[in-house]
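What follows is one structure encoded as structure tokens, with my remarks underneath.
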Ligand SMILES: [Zn+2]
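Residue numbers (this note's numbering): 4 to 483.
If you want it as structure tokens, here you go:
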């Protein structure tokens, strides 16, 4: 046979069999069209949120029951709280046009964004690949297929996400990965690894699904058991009358700066409801707090130079590791500033500085610079010989984060802090909460002569004061 013709036939065969891998995988996992797959789930979920330390998670271990077909998913699960001697219930229901999530402790579905709806097709892979496989078959024209020695991969863009299914020679899924640009961490991968497949008749069931998020920093697991096919409609959740998907809207960027005196300037990041502080020393600047992402960081750098022209930013400092305070740090690294950081956060800071941002490049990705740090454990002073500021690590006194630091300006008797004082703009004065009390005690223990507290967040929402006198704080502390 002619060599070229042979090669052509081989390629066609290869493509056909590889193309088949997706259809074959779908056939292995999907329930027959007249039935719904039902199975029991036991979840070890680790929720990453604004916790007291970087990478600390809220742990939940619900168990329940799932129903899945090509375009329908329902999970009903519950948690038993030994402490409260109560059972909490939750439900998640997906169809291509609706996502109803009633979380534990709620009695009706929460508002869902368009993005959450679109992404549930792969988020559901922590229980079953059926929705995703069906979705892939409907979007064949957008798939990129690659044949490897032991696997065939299919990659599909879904919104900002790059989703890849890894199918092995038995047409079973080894894993599914989701790559996406995280606003703070950059290129992030979430992976679902399937193992311990069993069968229900012809249907393959992955019994053990391991989930790793944030490039392996967080590990979760779902165990599947007792699969069965049902031929009656699953017990669907009622759709609330006023149900609507919330369309995404871009934040309107609004930044306003003001000079407080010759040394201190404030930048109000209205779109993030937060305040940045700029301090001018003889021949350098210090900036404190930059919210959420590098774009805000870059904008703040420009504003800082407008407030106090002609001086380089020598230091960037942040009150604690939550995104509203540390989020813009990469722009300061790019700008050449030294990052003043709590000793315990070095690894977290190194991850933020070093993790690639190729999917949505920022200034540091485009022009890499080394991370320069000066670490502190309890207190740090910055001075030019005349003007001085102090950083005090009050830690768990904050009742909020172990790395909580506050910034003290002796000359102004001013203390700048993240989010510890919750005093309403109007109305009766309420008893100090644990954060307020902790801050007040820390100020007294450290002998700081404070007249005014200036808070970074929130500025406009929640109807709270963000500039508070010592007298006002004391009043809340004295209420028994
Ligand atoms: Zn916080």
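We put the CB at the ideal spot given by N, CA and C, even for glycine.
This structure is a prediction, so every number in the text was calculated from the model and none was measured.
Inset, instruction - Hey, could you find the ends of the beta strand (DSSP E) residue 437 is sitting in? - result: Here residue 437 belongs to no beta strand (DSSP E); instead the alpha helix (DSSP H) covers 437 to 448.
Legend entry - Complete beta strand (DSSP E) runs within the segment 306 to 338 (minimum length 3 residues, chain order): Annotation: the segment 306 to 338 contains the following complete segments of the beta strand (DSSP E) (minimum length 3 residues), in chain order: 316 to 320.
Inset, instruction - List the residues that DSSP assigns as beta-bridge partners of residue 202. - result: Answer is 207, bridged to residue 202.
Legend entry - Member of 245, 197, 118, 183 whose CA lies at the smallest distance from the CA of residue 252: Answer by Cα proximity: 118.
Legend entry - Of the residues 272, 276, 290, 323, the one placed nearest residue 338, counting alpha carbons only: Residue 338 has its Cα closest to that of 290, out of 272, 276, 290, 323.
Legend entry - Meets three-Cβ-pair contact criterion under 8 Å: the segment 362 to 375 and the segment 70 to 81: Result no; under three Cβ-Cβ pairs closer than 8 Å.
Inset, instruction - Report back the beta-carbon spacing between residue 277 and residue 292 to the nearest angstrom; my notes put them in contact at under 8 Å. - result: Right, their Cβ atoms sit about 7 Å apart.
Legend entry - Expected contact under 8 Å - CB spacing of residue 140 and residue 31 to nearest Å: Your pair residue 140 and residue 31 does not check out as a contact, with CB atoms roughly 13 Å apart and the cut at 8 Å.
Inset, instruction - Spell out a yes or no on whether the segment 194 to 212 and the segment 376 to 386 are touching, meaning 3 or more CB-CB pairs, one atom from each, closer than 8 Å. - result: The segment 194 to 212 makes no contact with the segment 376 to 386; the number of CB pairs closer than 8 Å stays below 3.
Inset, instruction - Determine contact between the segment 435 to 450 and the segment 309 to 327, defined as no fewer than three beta-carbon pairs at a distance below 8 Å. - result: They do not touch, by the three-pair rule.
Inset, instruction - Taking 8 Å as the threshold, find out whether the segment 100 to 112 comes into contact with the segment 79 to 92 through three or more Cβ pairs. - result: Enough Cβ pairs lie closer than 8 Å, so yes.
Legend entry - Alpha-carbon to alpha-carbon, residue 129 and residue 12: Model confidence at residue 12 stands at a pLDDT of 46, short of 50, so the residue's coordinates are unreliable and nothing is read from them.
Inset, instruction - Rounded to whole angstroms, what's the CA-CA distance from residue 19 to residue 345? Just pull it up for me. - result: With a pLDDT of 46 at residue 19, under the threshold of 50, the modelled position of that residue is not reliable, and the figure given next carries that caveat. One C-alpha to the other measures close to 57 Å.
Legend entry - Close beta carbons around residue 147, own chain, < 6 Å, minus the five adjacent residues each side: Contacts found: 158.
Inset, instruction - Tell me where the beta strand (DSSP E) around residue 80 begins and ends. - result: Unbroken beta strand (DSSP E) run through residue 80: 75 to 84.
Legend entry - From 274, 305, 296, residue whose alpha carbon lies closest to that of residue 281: Comparing Cα-Cα distances from residue 281 to each of 274, 305, 296, the minimum goes to 305.
Legend entry - Extent of the continuous alpha helix (DSSP H) to which residue 262 belongs: Unbroken run through residue 262 is the beta strand (DSSP E), 258 to 262; no alpha helix (DSSP H).
Legend entry - Where the alpha helix (DSSP H) through residue 479 begins and ends: That run of the alpha helix (DSSP H) goes 473 to 481.
Inset, instruction - Identify whether residue 346 lies in helix, strand or coil by the three-state DSSP scheme. - result: Residue 346 falls in the helix class under three-state DSSP.
Legend entry - Burial state of residue 181 (16 or more Cβ within 10 Å): It counts as buried.
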